[in-house]
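When we follow our numbering, the leftmost residue of the sequence shown carries the number 17, and every step to the right adds one.
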Amino acid sequence: MIDAPAPPARTPQTALARDLVALRRTLHAHPELGFNEHRTSATVRAWLEERGLTPGPALAGTGFAVDIVGAHPGPVVAYRADMDALPIEEATDCTYRSQVPGLMHACGHDAHMTIACGVAVLANERREDIHGTVRVFFQPSEESVPSGAPVMIEDGVLEGVASAFAIHVDPSLAVGRVGLRAGSLTAASSPFVVTVESGKSGHSARPHETADTIWIAQQIMSELYQLAGRVTDARRPAVITICRMRGGDALNVIPNTVEFGGTLRCVDDETLTFLREKIRRVAGALGAVYNANVDVDYHHVLPAVVNDADAIGNARGAAQDVLGPEAVVDLPLPSMGGEDFAFVLREVPGAMLRIGTASGERTRYPLHHSRFDLDESALPLAARLMTEVCIRDLATRAA
Ligand code: NI
């Protein structure tokens with residue numbers, strides 16, 4: 017472990033901070049949805065080129081990576097930023113508000129890209145301290161399905177990479193704070209749709225003459241709600257939430273098809289795999305008992321973000337040295353939300369950190385809120401922190 021305090025950043029902080037704020041505001045004003053981040057990608061690329069960096073070819077459509085090769089040999093650490101915005105109409109009145117009707121950077125990905133640009137510039141200035149290579153990469157489509165991380169991996173962004181880091185902005189933490197958690201940070205999730213089909217409609221007076229699809233669907237739903245904690249270890253959180261029900265029309269006709277669906281979330285991948293199979297078997301068995309065909313369709317699986325304990329230990333030291341001994345907040349619980357950086361951490365060890373961005377009422381709206389905004393003084397702090405995290409991680413691995 018390296019206990020020396022961080023060397024002071026050599027970029028004049030005020031100049032870099034000003035540059036980062038300007039970049040973030042440009043990105044914020046022009047949000048784009050997943051895999052359509054063309055203008056965003058060009059803006060970030062040009063910003064890096066103006067500062068003497070050499071971004072690589074396009075990956076996953078609008079994504080790309082830029083390598084900062086250190087003065088000393090060693091492994092490659094990846095630093096990831098996501099690029100896409102959300103289909104939300106922005107309700108803030110800030111000068112840099114979204115100029116695209118119906119789209120908004122409400123999840124802070126504009127800040128994530130900006131911080132990554134800061135990491136690239138600061139790492140480039142600290143090449144003498146770098147034992148290996150810092151690969152900063154920009155990824156399309158974190159929010160939508162299919163998501164961008166698996167495509168970036170297919171396109172080779174992790175080739176030769178030993179470890180990976182990312183951040184997410186967090187409006188529940190004050191500026192200057194860093195939220196850390198070893199193990200699961202976000203949940204694994206799996207949306208599902210269950211279809212109950214009898215092949216014929218029936219009379220409401222005589223449900224025994226048909227398969228009562230609505231009643232069968234309701235039996236399946238109540239079984240599903242009881243699975244978590246009964247057939248899974250109660251110490252491993254899991255939640256099944258049904259969010260959609262469709263079926264029937266007339267008040268006296270039993271429909272031949274009923275469909276319902278929702279999302280299964282667990283903080284570990286094993287419980288998710290187990291429950292997926294259990295849902296399929298419970299639904300199928302109830303259908304068989306009551307003479308209906310039941311199909312369970314799983315759209316996709318998003319794994320859990322599982323932070324490596326050593327990577328978190330390294331980040332803790334860096335945060336205390338760069339931001340002060342009070343900076344670290346240990347996050348007691350994982351989020352049941354999803355994050356596709358999980359695909360990266362399935363390939364290599366590393367961690368996602370949460371960066372505080374709140375400093376008052378205006379900056380405390382939750383992620384995905386139409387009034388979400390952040391305190392921009394978090395941008396240079398996070399850039400300095402994550403540069404230090406990457407450099408220390410390389411030094412630890414090269415040693
Ligand atoms: Ni996000």
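Think of the CB as a built atom: it goes at the ideal place given N, C-alpha and C, for glycine as much as any other residue.
Beta strand (DSSP E) runs wholly inside the region 136–217, at least 3 long, in chain order: Segments of the beta strand (DSSP E) lying fully in the region 136–217: 147–155, 177–190, 194–196 and 204–213.
Identify whether residue 430 lies in helix, strand or coil by the three-state DSSP scheme. Since the first residue shown for the chain is 17 and the last is 415, residue 430 is missing from the structure and cannot be characterised.
From 111, 129, 319 and 141, pick the residue whose C-alpha is nearest to that of residue 203; which is it? 319
Run the proximity test for residue 126: is its beta-carbon closer than 7 Å to any non-hydrogen atom belonging to the ligand NI? no
Specify the secondary structure class of residue 338 as computed by DSSP and reduced to three states. helix
Spatial neighbours of residue 332 within its chain, please: CB distance less than 7 Å, with the 5 preceding and 5 following residues excluded, ordered by chain position. Correct list, in chain order: 196 and 344.
Tell me which residues share the same chain as residue 53 and place their Cβ nearer than 7 Å to its Cβ, disregarding the 5 neighbours each side in the sequence. Sequence-distant partners of residue 53 (beyond 5 residues in either direction) whose C-beta falls short of 7 Å from its own C-beta, in its chain, are 78, 99, 100 and 156.
Any contact of the region 300–315 with the region 253–265, i.e. 3+ C-beta pairs under 8 Å? no
Simplified DSSP state of residue 102, which is helix, strand or coil: strand
With a CB to CB cut of under 6 Å and the five nearest residues on each side skipped, what residues in its chain are close to residue 207? Here the set comprises 279 and 315.
Would a C-beta distance cut-off of 8 Å place residue 328 and residue 198 closer than the cut-off? yes
Which of helix, strand or coil DSSP assigns to residue 392: coil
Could you check if residue 50 is buried or exposed, using at least 16 other CB atoms within 10 Å of its CB as the buried criterion? buried
With DSSP as the reference, label residue 244 as helix, strand or coil. coil
Kindly indicate which three-state DSSP category residue 267 falls into: helix, strand or coil? coil
CA-to-CA distance, residue 133 to residue 109, given in whole angstroms: 26 Å
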